[in-house]
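In what follows, a structure is listed as structure tokens, so that the remarks can point back to it.
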Amino acid sequence: MKRILSFFIASVLLAPAWVMPVRADAEETVLTAESAGGLPSYAEVRRQYRMPAYRGEAVAVGAAASLAPGDTLTVSADVPEDGLYEIWIEYRNGGGQILPAELSMAIDGTQRFAELRRLKFESLWLNDRAALIDRFGNEMPPGLSASEAYLSKALEDSSYRLSGPMLFELAAGARSFTFVSLDGAIEISAIALKAPAQVSGYQRGDASGDILLTYPGQAFASANHSSVRAGGEYNALLRPYSASNRVLNLLDDGSFSKAGSRVDYRIDVPEDGYYQLAFTYRQGAKSDFPVFCDILIGGTLPSEAARAVPFGFARNFTQYTVPAPDGLPQTFFLEKGARTVSLVINAEPLAPIYAGVDKLFAEINSLTTEIIRLTGGVTADRYRDYKLSDYIPGLPELLLGWAEECDVMVEASLAYSEGRLSSVFSSLNLCADMLRKLARKPEDLPRRLSELSRGPSSITRYLAQTIEDMDNHALGIDLLHVYQSGARLPKQPGFFTILAENVKRFFLSFGRKDYTASGVNEANLQVWMARPRQYVELLQNMIDTEFTPQTGIAVDVSIMPDQSKLALAAASGKAPDIALSVGYVLPSYLNIRGALLDLKQFEDFEGVASRFPDGLFVPGIYEGGVYALPETINFWVMFYRTDIFNALGLPVPDSLDDVKAILPELQRRSMNFYYPTAGMIGMKIFPGTLPLILQSGGGFFGDVIGSTTLDSDASLAGFRELTDLFTVFDMPVEVPAPGFYQQFRNGSLPIGISDVATYNLLMNSAPELDGNWAVAPFPGLKDENGNVLRYTTGGAESGMIFSSTQRPDDAWKLLEWWSR
Numbered sequence: 015m016k017r018i019l020s021f022f023i024a025s026v027l028l029a030p031a032w033v034m035p036v037r038a039d040a041e042e043t044v045l046t047a048e049s050a051g052g053l054p055s056y057a058e059v060r061r062q063y064r065m066p067a068y069r070g071e072a073v074a075v076g077a078a079a080s081l082a083p084g085d086t087l088t089v090s091a092d093v094p095e096d097g098l099y100e101i102w103i104e105y106r107n108g109g110g111q112i113l114p115a116e117l118s119m120a121i122d123g124t125q126r127f128a129e130l131r132r133l134k135f136e137s138l139w140l141n142d143r144a145a146l147i148d149r150f151g152n153e154m155p156p157g158l159s160a161s162e163a164y165l166s167k168a169l170e171d172s173s174y175r176l177s178g179p180m181l182f183e184l185a186a187g188a189r190s191f192t193f194v195s196l197d198g199a200i201e202i203s204a205i206a207l208k209a210p211a212q213v214s215g216y217q218r219g220d221a222s223g224d225i226l227l228t229y230p231g232q233a234f235a236s237a238n239h240s241s242v243r244a245g246g247e248y249n250a251l252l253r254p255y256s257a258s259n260r261v262l263n264l265l266d267d268g269s270f271s272k273a274g275s276r277v278d279y280r281i282d283v284p285e286d287g288y289y290q291l292a293f294t295y296r297q298g299a300k301s302d303f304p305v306f307c308d309i310l311i312g313g314t315l316p317s318e319a320a321r322a323v324p325f326g327f328a329r330n331f332t333q334y335t336v337p338a339p340d341g342l343p344q345t346f347f348l349e350k351g352a353r354t355v356s357l358v359i360n361a362e363p364l365a366p367i368y369a370g371v372d373k374l375f376a377e378i379n380s381l382t383t384e385i386i387r388l389t390g391g392v393t394a395d396r397y398r399d400y401k402l403s404d405y406i407p408g409l410p411e412l413l414l415g416w417a418e419e420c421d422v423m424v425e426a427s428l429a430y431s432e433g434r435l436s437s438v439f440s441s442l443n444l445c446a447d448m449l450r451k452l453a454r455k456p457e458d459l460p461r462r463l464s465e466l467s468r469g470p471s472s473i474t475r476y477l478a479q480t481i482e483d484m485d486n487h488a489l490g491i492d493l494l495h496v497y498q499s500g501a502r503l504p505k506q507p508g509f510f511t512i513l514a515e516n517v518k519r520f521f522l523s524f525g526r527k528d529y530t531a532s533g534v535n536e537a538n539l540q541v542w543m544a545r546p547r548q549y550v551e552l553l554q555n556m557i558d559t560e561f562t563p564q565t566g567i568a569v570d571v572s573i574m575p576d577q578s579k580l581a582l583a584a585a586s587g588k589a590p591d592i593a594l595s596v597g598y599v600l601p602s603y604l605n606i607r608g609a610l611l612d613l614k615q616f617e618d619f620e621g622v623a624s625r626f627p628d629g630l631f632v633p634g635i636y637e638g639g640v641y642a643l644p645e646t647i648n649f650w651v652m653f654y655r656t657d658i659f660n661a662l663g664l665p666v667p668d669s670l671d672d673v674k675a676i677l678p679e680l681q682r683r684s685m686n687f688y689y690p691t692a693g694m695i696g697m698k699i700f701p702g703t704l705p706l707i708l709q710s711g712g713g714f715f716g717d718v719i720g721s722t723t724l725d726s727d728a729s730l731a732g733f734r735e736l737t738d739l740f741t742v743f744d745m746p747v748e749v750p751a752p753g754f755y756q757q758f759r760n761g762s763l764p765i766g767i768s769d770v771a772t773y774n775l776l777m778n779s780a781p782e783l784d785g786n787w788a789v790a791p792f793p794g795l796k797d798e799n800g801n802v803l804r805y806t807t808g809g810a811e812s813g814m815i816f817s818s819t820q821r822p823d824d825a826w827k828l829l830e831w832w833s834r
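Counting in the working numbering, the sequence shown runs from 15 upward without gaps.
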């Protein structure tokens with residue numbers, strides 16, 4: 015297929031440099047990958063290796079060191095001979111650290127490929143605690159504890175789209191290795207260059223015998239992510255099972271779902287020999303498509319047959335014996351004693367499709383930006399003709415080439431799904447159809463950019479959805495069986511057994527009133543919490559195990575599904591003693607009705623209040639009283655696309671003046687800056703409008719609540735700064751759903767101010783941007799001394815005590831304990 019690659023602009027992601035033919039009178043040329051600071055991928059560099067694999071002894075590199083974020087470590091080694099090496103690091107993450115430490119690495123001052131910009135080092139999380147039992151007899155998963163032992167890990171692709179250690183082509187002689195700590199604290203005890211591991215081919219062993227060992231899926235010994243957890247379901251297929259109470263009976267598939275995730279099962283082998291492995295599992299993440307796992311014995315891959323073992327689509331739990339390449343059960347040699355069997359989710363079979371989607375995503379965004387540049391950003395005029403072919407030769411062929419690439423990726427996926435198209439890749443079919451329709455009338459592209467990349471149903475949105483679906487490898491494990499060929503695996507419950515248990519469960523459900531206001535002991539302190547059941551369960555358990563033993567105060571926590579019912583409960587005399595996790599504006603509605611207790615009456619209020627910024631109390635203040643205690647804080651920060659900023663050579667703004675300085679460069683490319691009031695469709699509420707007023711020296715209230723300073727000169731100056739952003743500097747006034755998150759993804763709003771919700775979305779639902787965005791402080795106004803003021807609004811949920819309580823002191827003790 016002949017393709018004319020005719021463009022390249024800032025938003026390209028890790029692609030090679032291209033040349034764009036443009037007319038001599040064109041306004042400007044397009045940035046290349048080199049000018050954008052782009053790096054090739056490891057796969058591209060790996061294909062160019064010519065040296066043989068090193069086969070000698072390990073080579074020590076440098077000395078021990080402890081790194082905090084921002085620290086740099088440079089070590090050196092004498093490479094004994096030309097060859098391919100693995101780089102291993104022995105390390106331990108800082109205490110109390112949940113997320114993996116992250117480092118970047120350069121060899122002789124150069125980062126050879128993109129994956130070296132971010133390397134993850136996970137902790138080992140031990141599942142060594144007993145299950146928690148709530149007051150209703152339900153089991154809850156215990157938290158995992160971080161191991162303090164040093165771990166050894168080879169440098170790997172942090173996205174885990176490629177499995178196993180990365181190889182480094184090193185010439186003989188002195189070499190330097192520079193590590194920069196990006197996130198988290200890490201203690202490095204040793205660094206070594208090692209020969210690449212050699213994995214043997216599969217050889218069948220004699221697994222005759224009748225030994226059968228069975229291990230519960232939820233009883234894993236350790237994992238490499240703290241989020242991996244046991245789960246409990248009312249499912250008669252699972253063991254153990256109870257129709258009356260929830261018991262932990264599986265490895266939760268919602269937690270074991272990311273590429274690179276690993277769980278370890280500790281088994282006790284009675285005698286040396288060959289064994290077979292079987293799993294009772296559920297895999298509903300990918301319809302008609304498998305999830306792949308490496309099976310490790312003692313932390314190493316026993317043979318190539320144990321790499322990327324497919325776990326097929328299964329809505330319900332089913333038994334599955336690990337197959338060998340010949341279709342017979344695979345055998346594993348296990349020595350007598352305590353051994354470890356590990357499952358590691360492997361996404362490498364999908365690597366070509368990942369690469370293809372990433373490439374299409376980058377190229378389509380590049381074409382979009384080039385069209386906007388050529389048309390001056392005016393793309394909706396239906397009466398204007400655009401001769402795109404004069405500026406972008408071969409445009410129809412380009413679009414058709416992309417459609418063919420989608421077809422190739424769909425065809426590649428069929429090799430793993432027995433020729434059936436999985437819903438995971440159905441979006442690629444849709445993209446191919448849309449691209450062919452656009453190719454019929456390429457001159458209409460300026461008016462159809464919403465179909466190409468700028469709309470919620472655009473081709474790039476479908477490509478992003480494909481990556482999201484591919485990234486979901488959810489795998490639930492009920493049982494692990496280690497057995498010999500003469501043993502019989504336990505049968506699963508039959509249809510009538512399951513039916514009987516479901517009927518039993520149905521009738522028992524009518525008598526359960528767990529965490530409901532109607533099922534409480536009225537003698538206990540009553541707490542309503544506006545959070546999901548998991549939060550309520552944890553809070554009740556913490557109260558029962560910590561607060562009640564310390565104070566002797568019994569507490570009932572109930573789920574509050576609708577916060578608006580609090581006003582009705584207060585009016586009817588059925589209000590609880592305490593309400594937790596209510597919206598920060600709700601206390602102001604209740605305290606003017608006399609429904610809440612003034613917290614200032616308690617002697618230690620000042621000490622408790624000192625735990626929070628003073629401004630968080632403003633919504634709960636009325637006539638000198640304080641009627642709510644802050645529970646959580648939400649605040650504004652700035653998000654920006656590092657790939658686009660690097661490509662354009664723009665500095666990250668520190669102040670609002672800096673923002674105004676970069677706006678011309680963004681807007682001439684039809685990009686812009688997002689200010690949070692743009693997401694407040696219709697009414698622009700105080701959290702979005704107050705920051706610049708506060709930074710200008712204005713505010714909401716004067717010395718007393720009866721007067722406001724919103725009409726002061728300082729407040730008006732701040733308000734003028736805010737309105738100028740839209741009337742003078744042409745920032746978008748409204749960004750309707752799906753909002754900043756989606757436009758940040760497609761690059762039309764590569765920078766903006768948002769909150770923690772956007773952070774969570776980008777972390778969990780924008781895999782195509784992994785490593786291409788960052789967070790910076792709110793770009794505030796400068797004072798007369800040149801200092802940047804970053805005052806912003808905050809506040810999310812609050813806790814409050816109702817004035818109708820008969821136990822105010824006990825209620826305050828609980829609120830004080832919860833706020834620690």
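Ideal placement from N, C-alpha and C gives every residue a C-beta, glycine not left out.
Computed from a prediction, not measured in an experiment: that's the story for all the values here.
- Per DSSP, the continuous beta strand (DSSP E) segment holding TRP102 begins and ends at 97 to 107.
- In this structure, PRO156 sits away from ALA168, with a CB-CB distance that is not shorter than 8 Å.
- Distances from the CA of PHE150 to each of ARG260, GLY702, ASP286 were compared; the closest alpha carbon is that of ARG260.
- The segment 361 to 377 makes contact with the segment 172 to 181; the number of CB pairs closer than 8 Å reaches 3 or more.
- Put simply, the backbone Cα of LYS401 is about 14 Å away from that of ALA453.
- DSSP places GLU129 within a helical segment (H, G or I) once states are collapsed to three.
- By the C-beta density criterion, MET697 is exposed, having fewer than 16 other C-beta atoms within 10 angstroms.
- When the Cα atoms are used, GLU318 and SER532 turn out to be separated by approximately 58 Å.
- Where PRO563 is concerned, the enclosing alpha helix (DSSP H) starts and stops at 562 to 565.
- With fewer than 16 other Cβ atoms inside 10 Å of its own Cβ, ARG434 counts as exposed.
- Less than 8 Å divides the Cβ of SER236 from the Cβ of ASN141.
- DSSP lists THR228, ALA292 as the beta-bridge partner residues of HIS495.
- In the structure shown, ALA376 adopts helical secondary structure according to DSSP, grouped into three states.
- Rounded to whole angstroms, the separation of the alpha carbons of VAL770 and GLY634 is 23 Å.
- DSSP places PHE626 outside both helix and strand once states are collapsed to three, so it counts as coil.
- DSSP places ASP340 outside any alpha helix (DSSP H), giving it a letter other than H or E.
- Remark: three or more beta-carbon pairs, one from each stretch, lie closer than 8 Å, so the segment 344 to 357 and the segment 218 to 229 are flagged as touching.
- Restricted to the segment 167 to 198, the beta strand (DSSP E) segments that are unbroken, complete and at least 3 residues in length are 182 to 184, 187 to 197, listed in chain order.
- Under a 10 Å Cβ-count criterion, GLN564 is classified as exposed, with fewer than 16 other Cβ atoms of the shown protein chains found around its own Cβ.
- With fewer than 16 other CB atoms across the displayed protein chains lying within 10 angstroms of its CB, ALA74 is exposed.
- According to DSSP, residue pairing for SER467 in a beta bridge does not occur.
- In the three-state reduction of the DSSP assignment, MET423 falls in the helix class.
- In the three-state reduction of the DSSP assignment, ALA581 falls in the helix class, which pools H, G and I.
- Only buried fits LYS300, as 16 or more other CB atoms lie within 10 angstroms of its CB.
- Going by beta carbons, ALA115 and ALA204 fall outside the 8 Å limit.
- Contact between the segment 659 to 666 and the segment 619 to 633 is not established, with fewer than three Cβ pairs separated by less than 8 Å.
- By the neighbour-count definition (other C-beta atoms within 10 Å, threshold 16), THR741 is an exposed residue.
- Per the coordinates, the alpha-carbon of SER137 lies some 45 Å from the alpha-carbon of VAL747.
- Beta-bridge analysis with DSSP links THR345 to GLN290.
- Of the other Cβ atoms in all chains shown, 16 or more fall within 10 Å of the Cβ of GLN757; this residue is therefore buried.
- The residue from SER55, PRO644, SER241 with its alpha-carbon nearest to that of PHE182 is SER55.
- Fully enclosed alpha helix (DSSP H) runs of no fewer than 4 residues occupy 619 to 623, 656 to 662 of the segment 607 to 670, in order along the chain.
- Across the structure, SER818 and ASP576 are spaced so that their CA atoms are roughly 20 Å apart.
- Here the alpha carbon of ILE765 sits roughly 45 Å from the alpha carbon of PHE331.
- MET814: member of the beta strand (DSSP E) spanning 811 to 815, first to last residue.
- The shortest C-alpha to C-alpha distance from ALA589 to any of TYR598, THR806, LEU539 is the one to LEU539.
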